[in-house]
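Structure, as structure tokens:
Residue numbers (UniProt numbering), protein chains in the order written: chain A, 1 to 313; chain B, 1 to 313; chain C, 1 to 313; chain D, 1 to 313.
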């Protein structure tokens, strides 16, 4: 386990809830001994990862949780992140790690770009519906809500308890960096360019993410068609669950687990549908999906280490 | 001050935060002496209010905070509330109390139907934009978020701390009773029938409400046109504030006050705009607007008793 | 899995976070088939358990999570619970399930009375210190703080989100029913009657419990003596952890796990010490310790099903 | 209104909840024009205030909300704050601003040291009881709980929402800087040196403070004697309220107001009593008491600007 600022510290002093575990101290990356390592999770800030992964031994399997290898188009990367991509050859090799959608590619990958939390919660329902041409590509409107862990652990005034508790606000309207990642996935599913409306909101909760997607159905398609298609798509999946009837997904029913719960609802406006999905942004939206991907890459059971249930209440 | 279940109790035992105030005990409505009363706020459950108001002395001015007199069309009332309206003649007399929009009518009213919280937060921005024909009437999509006080103080499992804290969920999709109230207001502004998409969400906060409205602009209209129209509409208003530049309204910046903050944003999809408004659902969305209305009805300064600032943090 | 009010319902409709699990529907106790059952967890309200356990087949091993069999003295039971004990012969058989303290007795028990949450968090540090005569028996002052799950899932106005969020209050001062349970444990350790000062507080959090114990040390004893004794007592224990140095236990570092973290601190007043322990009231304070106990009773590894880590943040 | 880091900014950009108010921009202290100013509130970090107040015009009345002038003994100041006091002559002039206890001195003061939040909540009940010799001076044990605003608005990892929500922890055991301030007040009341046990806790709430005080009563004294003495002491006070009967003070019933609620309870241990007081740490524990003090110093009604009620829920 490596660290930058906190290299040399005990793991339990950085994460006191793990103080009971007999874990090695954190070391700087440059001091890490990779000779006995098969695979790494790379959890570095966006932008710094490219060069570090370039420098890692070739035989390592890598799941990268940053955004560095998520955008296939390096011009788009440069546009959203403000600098040229520093490892374009690795970008070509990287496989996008939306497990249920790209399982076969992930299985054979050496480098997996683990999806962002918003993109996971949005693409899991929308990609199959778009592929099946059940919804229109125009006017896909997404109002998403995230817990504060999405912002990381950096000490910023805006994320203090006193600024966050008991309130909600939108942020990054139009400019959130998860937009190109979602549009890439939906466009590939559609085989044509998709532009979305995306409004993220910060909610006074630690974990959890809800994406509400307002869509127009293709002519003649009904909400029941959407439901049936999602049902058959995810029927055999352990971690993606379409709820029954009119049950509404609650974030608190997946927090602490790798599950994605979703459902489809009629809209009052004829021809429209409302789709809601929820995940734990830190698990299915980050570390859980990363484990799921590495399990695939290593030939292990996909659910290894992931069978814990949500913590409710 | 009257009560039903709690008649006979001290006010401070029902609301211990007001124990320092020298207030009379609660009495049953039937025991109330109206001889020295000029006006009443009626805060009874939906459905029970109609008959009680019928029985009140004619000279009283009344602001009714229930939904009983909000829908001008008693057939629509019957459809949404499951029984025929019990005071149709009073319904004809009632004036809808969206203060900034219907100030003159309210000033002369005897019975004001105080708006619901969602309808207040939605109509304040949308009514002027619709009247000015700046937005299309089709595909008005609203994703709204409310604090838990919106559900009242009834003891329900679903509203326990343990069921609500640290999470979010949608509810009443398609069927929320505030829908006909909003559609009535928007249709009147449009002079034609408007059908909205409305998805309310329950957030783990006590007070506060955010409505996010996704709209299509009329041909040739820009976000700047929407902004300028709202600016000129609310320029002289004390309680409705259009934020500057790209400032995003936060619920926590209005909680405890009668303010509505709003702003307009460009959407990534050309021709669309995103409008966000926030209020304290218990103040501008209920009691504060009720006081504002009664002030008008009594010829008092409109802001009397309402000049307290938001409580932040 | 049995239920009373909710018999006949699907498990996932009562606990939607477990909807992914293939579980049988809830049945009424009278309809349960015990022929193939080895052991039961009994999670019924205080007072109702006695008669039900009397009626269960004799060969069942039972962990009872209610308070019904915790007080060895049935007169004391009658005094605190307001009615004569209904199964005094079972009371004699019952073993108090404070695992780390009474492991051998639990191993051979048929009926275990699982401890309350406050008593667990208090007795784990105090019992060994009292047995070793390191602290005085007079003036043991305990200020304890509990999350709201301690109050169960009953729909009460006092436990609504709006009544609980963003605040703290004491309750049950002098009269909390966990008092006789704690005093029983401390008195047995002391071999003389101990009377405690106990003030519980309800905190705006779902899970978690902190007990702060203000004690006078025996003449000549130092804080370091207390620390060393707790260290040697719990050195080999998986679930009880004495923190290093001046590290302060936080409830959020044990929530979701079966751990108890504790530490000892000097007081400004010479001769006094402050002891702080934290647990998850629903795990080590209830279901986790129950599983730990049943594991012992069944000859299984004590930590089976309990090796999940705290969920932080 | 002056600022350091934020000089030049609009007030509404620092405190967006006040954006509706027509307020001047923030200026650096060195650019402030004091020619037309009668009085100032000084809200600077501890340690920096001394020199700045030395430099202010002599005719100004000053309420200082820092800790700089609270300790009469400058040696004690040096010991707790790590440097010699930089304005010892001003320290001699400063009056400690616990309004209800030192009203006459405050009325005639030029410089008032506004009390800390913990000291306010502790001294209001204990000072009169000690003066009347109703409680013993030994073994005064205080377990106090504070909302997070007590830590200010500085961007620290420890105060992030994700580190604070849904939990509690003690901090500063033995070493909190409010200890000498409390001991000074109690010692003066006792006319002899008092040493307290003081354990503060950080609670997952924004505002609010509860102090629980465990005391030994003087021989022959009863809880009823304590109650009656507090009742007669605070009977005429607007902002200090002794609750009736066994009503327990809740922080949420004073938040947003200048009130202190308190009550006295019997302990299970004979001869002991438990006293609980609650305040809003930002109001009676800071800015509210500061206004109260300045009102006195200026000859204004003491409650001017302070008559708002608690915001509940």
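For every residue, glycine included, the Cβ atom is placed at its ideal position computed from N, Cα and C.
Ends of the beta strand (DSSP E) at residue i?
{"i": "residue 197 of chain B", "result": "196-203"}
{"i": "residue 169 of chain A", "result": "168-170"}
{"i": "residue 252 of chain B", "result": "Careful: residue 252 of chain B lies outside any beta strand (DSSP E) and carries neither H nor E."}
{"i": "residue 210 of chain C", "result": "209-216"}
Quick one: list the residues of chain F neighbouring residue i, beta-carbon separation under 7 Å, in chain order.
{"i": "residue 148 of chain A", "result": "Among the protein chains in the structure shown, which are A, B, C and D, there is no chain F."}
I'd like the list of long-range same chain contacts for residue i, defined as Cβ closer than 8 Å, with 5 residues on each side in sequence excluded.
{"i": "residue 307 of chain D", "result": "none"}
{"i": "residue 42 of chain C", "result": "49, 52, 53, 62, 63, 64, 65 and 66"}
{"i": "residue 106 of chain D", "result": "95, 97, 99, 112, 293, 296 and 297"}
Whose C-beta lies closer than 7 Å to the C-beta of residue i among residues of the same chain, with five residues either side of it excluded?
{"i": "residue 189 of chain A", "result": "127, 130 and 131"}
{"i": "residue 302 of chain D", "result": "292, 295 and 296"}
{"i": "residue 147 of chain C", "result": "203, 205, 206, 207, 208, 209 and 281"}
{"i": "residue 178 of chain B", "result": "116, 118 and 119"}
For chain D, is any of its Cβ atoms less than 8 Å away from the one on residue i?
{"i": "residue 99 of chain B", "result": "no"}
{"i": "residue 206 of chain A", "result": "yes"}
{"i": "residue 190 of chain C", "result": "no"}
{"i": "residue 269 of chain C", "result": "yes"}
{"i": "residue 31 of chain C", "result": "no"}
Pop quiz: residue i and residue j are said to be a contact at Cβ under 8 Å. What is the actual Cβ separation, rounded to whole angstroms?
{"i": "residue 45 of chain A", "j": "residue 66 of chain A", "result": "7 Å"}
{"i": "residue 249 of chain C", "j": "residue 162 of chain D", "result": "The pair is not a contact, with the Cβ atoms about 19 Å apart (cut-off 8 Å)."}
{"i": "residue 11 of chain C", "j": "residue 23 of chain C", "result": "4 Å"}
{"i": "residue 258 of chain C", "j": "residue 284 of chain C", "result": "5 Å"}
Buried or exposed: which applies to residue i, given that a residue is buried once 16 or more other Cβ atoms fall within 10 Å of its Cβ?
{"i": "residue 84 of chain C", "result": "exposed"}
{"i": "residue 73 of chain A", "result": "exposed"}
{"i": "residue 262 of chain B", "result": "buried"}
{"i": "residue 165 of chain C", "result": "buried"}
{"i": "residue 68 of chain B", "result": "buried"}
{"i": "residue 224 of chain A", "result": "exposed"}
{"i": "residue 239 of chain C", "result": "buried"}
{"i": "residue 233 of chain B", "result": "buried"}
{"i": "residue 97 of chain D", "result": "buried"}
{"i": "residue 219 of chain B", "result": "exposed"}
{"i": "residue 145 of chain C", "result": "buried"}
{"i": "residue 175 of chain B", "result": "exposed"}
{"i": "residue 300 of chain B", "result": "exposed"}
Can you find a CB in chain A that lies within less than 8 Å of the CB of residue i?
{"i": "residue 179 of chain B", "result": "yes"}
{"i": "residue 5 of chain D", "result": "no"}
{"i": "residue 219 of chain B", "result": "no"}
{"i": "residue 374 of chain D", "result": "Residue 374 of chain D is absent from the model: chain D starts at 1 and stops at 313."}
{"i": "residue 222 of chain B", "result": "no"}
In terms of residues, what are the limits of the alpha helix (DSSP H) holding residue i?
{"i": "residue 297 of chain B", "result": "288-298"}
{"i": "residue 11 of chain D", "result": "11-14"}
Looking only at its chain, what residues have a beta carbon closer than 6 Å to the beta carbon of residue i, apart from the 5 residues adjacent to it on each side?
{"i": "residue 121 of chain B", "result": "209, 211, 277 and 279"}
{"i": "residue 275 of chain A", "result": "125, 213 and 264"}
{"i": "residue 86 of chain A", "result": "50 and 51"}
8 Å is my cut-off, CB to CB: does residue i come that close to chain C?
{"i": "residue 253 of chain A", "result": "yes"}
{"i": "residue 316 of chain B", "result": "In the structure displayed, chain B extends from 1 to 313; residue 316 of chain B sits before or after that span and is not available."}
{"i": "residue 276 of chain A", "result": "no"}
{"i": "residue 109 of chain B", "result": "no"}
{"i": "residue 233 of chain A", "result": "no"}
Please confirm whether residue i has its beta-carbon closer than 8 Å to some beta-carbon of chain B.
{"i": "residue 69 of chain A", "result": "no"}
{"i": "residue 229 of chain D", "result": "no"}
{"i": "residue 313 of chain A", "result": "yes"}
{"i": "residue 58 of chain A", "result": "no"}
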